[in-house]
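Contents: one structure, followed by commentary.
Protein chains: 2
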Amino acid sequence: MNEQQTRQLRVALAQVDTRVGDLDGNAGLVRDWTARAARYGAHLVVFPEMTLTGYPAEDLVLRESFARASEQRLVDLAADLAADGLGETAVVVGYLAHTQGSGPAPVDTAPTDVDDRPGDANPRRGAPRNAAALLFGGQVVARYNKRPLPNYGVFDEARYFVPGTDLPVVRLHGVDVALTICEDLWVEGGPCGVAGQAGVDLVVSPNASPYERAKDDLRLPLVRRRAAEARAPIVYCNQVGGQDELVFDGDSLVVAAGGELLARAPQFVQHLLTVDLAVDPAAVPERRDGRIGPMTVTRHLLSDSPVPAYDARPGSIAEPLSDCEEVWRALVLGLKDFIDKNGMPSVVLGMSGGIDSALVAALAVDALGADRVYGVGLPSKYSSEHSLSDAEDSAKRLGMHYSVVPIAPIVDAFHDAVELTGVAAENLQARVRGTLLMGLSNQHGHLLLATSNKSEVAVGYSTLYGDAAGGFAPIKDVPKTLVWALSRWRNEYARSRGETEPIPQNSIDKPPSAELAPGQQDSDSLPSYEELDAVVADYVDRDLGLAELLERGHDPEVVARVLRLVDAAEFKRRQSAPGTKISLKAFGRDRRLPITNRWRESLPSVREGAAAS
Amino acid sequence: MNEQQTRQLRVALAQVDTRVGDLDGNAGLVRDWTARAARYGAHLVVFPEMTLTGYPAEDLVLRESFARASEQRLVDLAADLAADGLGETAVVVGYLAHTQGSGPAPVDTAPTDVDDRPGDANPRRGAPRNAAALLFGGQVVARYNKRPLPNYGVFDEARYFVPGTDLPVVRLHGVDVALTICEDLWVEGGPCGVAGQAGVDLVVSPNASPYERAKDDLRLPLVRRRAAEARAPIVYCNQVGGQDELVFDGDSLVVAAGGELLARAPQFVQHLLTVDLAVDPAAVPERRDGRIGPMTVTRHLLSDSPVPAYDARPGSIAEPLSDCEEVWRALVLGLKDFIDKNGMPSVVLGMSGGIDSALVAALAVDALGADRVYGVGLPSKYSSEHSLSDAEDSAKRLGMHYSVVPIAPIVDAFHDAVELTGVAAENLQARVRGTLLMGLSNQHGHLLLATSNKSEVAVGYSTLYGDAAGGFAPIKDVPKTLVWALSRWRNEYARSRGETEPIPQNSIDKPPSAELAPGQQDSDSLPSYEELDAVVADYVDRDLGLAELLERGHDPEVVARVLRLVDAAEFKRRQSAPGTKISLKAFGRDRRLPITNRWRESLPSVREGAAAS
């Protein structure tokens with residue numbers, strides 16, 4: 007064998023949709039997709055972060071029995087793969103590692119950082135780690151424990167994991183492969199930098215990177231920076247699928263050491279992406295191991311001989327989606343996975359003829375098929391003629407189930423029992439609808455979808471236990487202006503395919519109204535949605551204070567009003583259903599404000615008024 | 007002056023009830039309590055952790071405008087105290103520090119630990135710190151940034167703060183005072199150990215340590231260990247009061263270097279605790295500064311001359327409360343502060359004649375006074391005779407408002423509109439009650455109290471938007487067996503004071519029933535509450551897995567049933583109202599489990615059954 011011969015490696019990225027807590031099911035996914043990859047001739051298959059447990063497993067991580075089961079499942083999986091005849095395919099799989107108790111111990115047993123992790127008070131037993139292992143020949147060959155632990159936004163990894171200290175490098179068919187995980191990519195001078203100093207031919211990075219609008223635009227430059235630091239190609243395999251508030255978009259990619267994009271998977275679908283890599287040993291820097299920076303590099307020799315030369319194929323690069331299509335697919339997948347992974351047969355929702363319920367119905371039909379979607383028109387005495395006809399039109403266009411239950415007699419029965427006026431009477435109607443829909447949910451096993459959008463959730467323009475009722479809120483993170491844009495896009499998409507437009511034009515065009523009082527319109531109590539959404543984006547998503555908001559040119563009166571409304575609605579949001587995150591900052595785990603909170607920034611004039619009263 | 011003269015210092019611990027976000031109000035508290043302490047002759051006054059911002063301020067910390075305002079308020083407070091004629095009293099006050107932007111920069115500007123805190127992805131701007139400052143003579147003399155950041159249970163401090171690296175020691179009247187904060191006490195070899203190596207005469211520790219049952223039993227031994235490590239007395243000042251899910255119990259204390267308890271404040275009340283300390287300079291170790299372990303010790307000289315000798319008084323030591331009284335006071339204070347700090351004039355609750363609503367009513371009357379509490383009896387056709395009479399008896403004993411609204415006509419109106427049977431019909435009744443109560447809440451400005459207890463919340467034995475509806479759930483973390491114990495204790499307490507027993511004996515004695523179907527009793531669908539509560543304590547509070555639960559002797563069938571119910575109820579809990587944490591692990595921020603979660607531990611027989619189906 008010529009030592010200077012170019013070494014080839016076919017790598018497959020298995021962009022799969024795992025389930026949190028489903029160790030057996032997820033191990034089954036690894037076996038199925040490894041078999042597929044092997045049929046394509048892959049030598050190495052990379053799965054997403056925490057493949058076996060799903061991500062994020064949240065406080066399940068703290069349950070010792072779960073962590074031990076994950077450890078055991080990893081060892082069993084290595085044996086299962088060999089029994090499947092896949093022992094010669096190297097597989098990188100994510101799992102939850104646990105160093106204490108009677109279960110098998112991972113390689114890296116460095117002690118907890120005592121300084122930052124008080125033992126007395128910390129209920130975490132043992133030392134859970136966010137880990138990845140390379141399986142080969144029926145064995146667990148090498149293990150990596152994630153080092154930088156994200157603890158911002160939706161991430162709480164410092165709550166769960168002990169950071170790793172070792173960087174394993176496995177020589178596979180003469181190619182030196184370094185194992186890293188996810189967040190490592192976001193850190194300058196982190197594990198990728200250590201790999202660059204150690205000298206490797208390839209970095210693999212299992213990921214669980216949740217979708218946000220336009221995040222795909224960030225990923226490629228980021229991976230390029232790390233590839234330059236690692237002086238090696240990077241294989242970035244992200245998971246796909248919904249998990250409660252999060253949806254993962256896949257978008258797995260491979261970048262050459264020089265920054266060239268070699269392959270990229272489509273978003274929002276399971277996908278096997280293969281790429282042929284070639285390493286010229288002459289071009290590779292000297293190998294080092296042992297202590298490098300804050301980490302210890304360990305090398306594992308699996309096989310020195312290159313694979314027989316073969317004809318490399320160019321990698322496929324998926325076309326990027328438009329902004330609206332990307333969001334649409336995120337919402338559809340987030341909804342579908344919430345319903346299916348929780349074993350719900352069907353969904354029900356109230357149809358008002360307005361744009362929010364029309365959009366949610368269209369999303370539900372795209373996600374689940376028309377036969378699993380039940381719409382109910384719930385007219386009151388304040389409902390306009392077009393409310394009912396638009397709702398019916400919407401259901402017909404979508405081919406979903408539809409029925410009508412007038413609420414007036416029930417509302418009257420409440421009014422006979424207690425005196426309710428003004429806002430209390432408005433909320434009553436919404437709660438009668440919520441109670442009817444929850445009744446149908448309980449009776450027929452449907453999950454109730456709430457139709458609140460982000461603009462409403464922000465300012466509390468919804469009724470707790472009324473229109474906010476439901477097990478999932480598909481457009482909770484979609485501002486009203488985007489609700490309209492998505493509706494127009496979806497209709498245009500249908501037109502371009504010669505299909506029926508799913509959303510009634512009238513629902514898009516008419517002025518929004520809650521129809522809880524005669525002639526009521528949203529604009530009676532709220533600023534225009536253009537203004538509202540702009541302020542919410544800056545105040546909620548970007549956390550700007552009053553002075554910064556004014557500097558950005560927002561109208562002072564609108565700002566004062568919106569801030570007051572957003573701050574006062576925290577108690578409602580705390581009890582709201584989860585919904586798919588698509589923005590920089592979604593309501594939910596992403597934004598954790600106290601209910602009891604006296605901090606109010608107000609305009610000088612408003613402040614003086616308050617002091618005088 | 008004799009250098010070897012014993013130096014005295016009178017220290018006051020201001021155990022105050024701050025408000026989150028109320029910078030001006032909290033600064034006002036500091037001024038008032040410092041004036042009080044000065045009248046008692048205190049030389050040094052110590053306030054709780056993050057005094058100015060309140061604790062926990064959660065994501066408010068990320069708002070730059072808030073952090074800057076906190077910095078500015080600190081500087082202004084130092085000047086205000088001097089203007090109040092209190093410039094010669096040293097004051098240790100907690101605040102939120104912020105090193106970037108145009109605001110004043112704290113002394114310690116050590117860079118962020120880049121390795122653990124990815125800059126690209128982390129939305130945290132600047133470098134917020136959980137800080138304490140010593141104010142004297144109108145100036146901010148020294149600042150300490152908390153180093154060990156708790157990030158488990160209810161704590162998310164790694165999300166918010168950058169850890170400190172400097173330990174300031176201020177010489178005040180010849181006494182060397184080291185500043186630390188809260189979690190420092192829980193860490194072996196942390197800042198207290200550094201103080202011990204540096205040589206100090208006193209360690210002050212502002213705290214925000216939330217109440218848990220019997221936590222006071224942990225604190226004293228803990229503070230003793232740190233005093234031994236610091237080789238100096240420790241002044242531990244904890245805050246008091248409710249903040250959303252948390253209640254802080256105070257229990258401030260002072261321990262001598264040798265471990266002797268010198269003074270201890272009562273729990274659950276604002277309190278000024280004073281203690282006279284005497285330092286024999288001959289007994290003090292050599293002084294060091296500069297780098298010690300992971301920290302840098304800086305010394306600040308305020309005054310070398312001792313205060314004129316005075317007659318020391320012994321410190322007062324509060325008697326510990328009984329378990330039931332401690333819990334009762336925690337629940338009363340948690341409820342009172344939630345209502346008052348959110349500016350709610352009154353509360354309303356449904357009274358069923360059962361023990362849960364009777365207990366919540368008694369708590370509400372103790373917290374707010376009878377005139378702010380409104381009970382409503384909501385009988386259905388399944389309500390027994392005693393339901394209504396016991397509810398009325400309860401309200402009479404408490405002297406609260408009470409009215410009756412029969413729900414049958416409204417329930418009938420729903421049944422006329424849609425067909426609901428079985429559980430759907432049961433839930434309907436609960437939701438009609440919830441809707442009526444929310445209507446009264448909206449109409450009259452009452453906050454609705456939910457009456458669910460921890461046993462019900464654990465197994466989902468409640469109706470979403472029905473009996474679970476409400477803005478606050480006072481006994482959410484109280485298991486049913488403790489509900490009974492607390493009720494008996496409260497009646498006995500009343501008897502011992504010659505007062506009317508507030509809780510009807512019949513409500514305590516009768517078998518629990520939801521009364522949503524004819525003759526229904528809780529025992530039809532749940533194990534005994536003794537068994538249920540024991541399994542919940544081990545599964546929820548202690549996070550034990552199946553094997554451990556069986557090892558602890560729980561009945562296998564009960565365990566299987568309870569685990570299934572607890573796991574399936576996650577979606578309900580996610581939308582439940584906040585309630586005061588009293589246990590090791592409360593539902594809420596303390597326990598973060600995914601809704602979508604396939605992890606189920608089942609008995610071998612059950613597992614086989616599932617596999618066969």
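Protein chains in written order, with our numbering: chain A, 7 to 619; chain B, 7 to 619.
Here a beta-carbon is modelled for each residue, glycine too, at the ideal position from N, C-alpha and C.
Small disclaimer: the values here were computed from a predicted structure and weren't measured.
Item: Proximity winner among A:471, A:249, A:56 and A:89, relative to residue 41 of chain A (alpha-carbon distances); Value: A:89
Item: Burial state of residue 445 of chain A, where buried means 16 or more other Cβ atoms lie within 10 Å; Value: buried
Item: Three-state class that DSSP yields for residue 206 of chain B in the structure shown; Value: coil
Item: Contact list for the segment 61-81 of chain A against chain B, Cβ threshold 9 Å; Value: 62, 63, 64, 65, 66, 68, 69, 70, 71, 72, 74 and 75
Item: Rounded separation between residue 265 of chain B and residue 169 of chain A - CA only; Value: 36 Å
Item: Residue ranges of each alpha helix (DSSP H) within the segment 312-394 of chain B, 4 or longer; Value: 329-347 and 361-374
Item: Nearest-angstrom Cα separation, counted from residue 482 of chain A out to residue 543 of chain A; Value: 14 Å
Item: Selected residue, minimal CA-CA separation from residue 341 of chain B, among B:253, B:158 and B:393; Value: B:253
Item: Residues bridged to residue 526 of chain B [DSSP beta-bridge criterion]; Value: BP columns for residue 526 of chain B are empty, so no partner.
Item: Range covered by the beta strand (DSSP E) that runs through residue 244 of chain A; Value: 240-244
Item: Residues that residue 584 of chain A contacts on chain B, provided the C-beta gap is smaller than 8 Å; Value: 580 and 601
Item: Range covered by the beta strand (DSSP E) that runs through residue 11 of chain B; Value: Taken as a continuous stretch (DSSP letters only), residue 11 of chain B belongs to no beta strand (DSSP E), as it is neither H nor E.
Item: Cβ-based neighbour list, residue 333 of chain A, same chain, cut-off 8 Å, excluding 5 preceding and 5 following; Value: 219, 484, 488, 492 and 588
Item: Interface residues of the segment 250-265 of chain A facing chain B [CB-CB below 8 Å]; Value: 250
Item: Contact belief for residue 239 of chain A with residue 196 of chain A at Cβ below 8 Å, rounded distance in angstroms; Value: The pair is not a contact, with the Cβ atoms about 17 Å apart (cut-off 8 Å).
Item: Coarse secondary structure for residue 593 of chain A, derived from DSSP in three states; Value: coil
Item: Beta-carbon separation (whole angstroms), residue 189 of chain B vs residue 221 of chain B, contact threshold 8 Å; Value: With 8 Å as the limit, residue 189 of chain B and residue 221 of chain B do not qualify as a contact, their Cβ atoms being about 14 Å apart.
Item: Helix, strand or coil at residue 649 of chain B [DSSP, three-state]; Value: This structure does not reach residue 649 of chain B, given that chain B is present from 7 up to 619, and the question cannot be answered.
Item: Range of the contiguous alpha helix (DSSP H) that encloses residue 256 of chain B; Value: Taken as a continuous stretch (DSSP letters only), residue 256 of chain B belongs to no alpha helix (DSSP H), as it is neither H nor E.
Item: C-alpha gap between residue 577 of chain B and residue 464 of chain B, whole angstroms; Value: 11 Å
Item: Close beta carbons around residue 107 of chain A, own chain, < 7 Å, minus the five adjacent residues each side; Value: A caution first: residue 107 of chain A carries a pLDDT of 37, below 50, which makes its placement in the model unreliable, though a value can still be read off. So the list reads 70, 74 and 132, once near-sequence residues are dropped.
Item: Beta-carbon neighbours of residue 344 of chain B, restricted to chain A and to distances below 7 Å; Value: 602
Item: Exposed unless 16 or more other CB atoms sit within 10 angstroms - verdict on residue 307 of chain A; Value: exposed
Item: Residues within the segment 157-168 of chain B neighbouring chain A, beta-carbon criterion of under 8 Å; Value: 157, 158, 159, 162, 164 and 165
Item: Under 8 Å by beta carbon: chain B residues contacting residue 420 of chain A; Value: 416, 441, 442 and 445
Item: Distance, residue 162 of chain A Cα to residue 72 of chain B Cα; Value: 23 Å
Item: Same chain, Cβ closer than 7 Å to residue 120 of chain B, five either side skipped, listed in chain order; Value: Note on residue 120 of chain B: pLDDT 31, under 50, position unreliable in the model; the coordinate value appears next. Answer for residue 120 of chain B: no residue qualifies.
Item: C-beta atoms of residue 451 of chain A and residue 343 of chain A nearer than 8 Å; Value: no
Item: Limits of the unbroken alpha helix (DSSP H) element including residue 429 of chain B; Value: 428-450
Item: Where residue 134 of chain B sits in the DSSP three-state scheme; Value: strand
Item: Three-way DSSP call (helix, strand, coil) for residue 562 of chain B in this model; Value: helix
Item: Expected contact under 8 Å - CB spacing of residue 475 of chain B and residue 453 of chain B to nearest Å; Value: Going by Cβ atoms, the distance from residue 475 of chain B to residue 453 of chain B rounds to 11 Å, so no, they are not a contact pair.
Item: Secondary structure of residue 553 of chain B, DSSP reduced to three states; Value: helix
Item: Proximal residues of chain B, C-beta to C-beta of residue 39 of chain A below 7 Å; Value: Simply none; closest approach about 19 Å.
Item: Residue 495 of chain B versus B:330, B:399 and B:572, residue with shortest Cα-Cα distance; Value: B:330
Item: C-alpha gap between residue 386 of chain B and residue 473 of chain A, whole angstroms; Value: 26 Å
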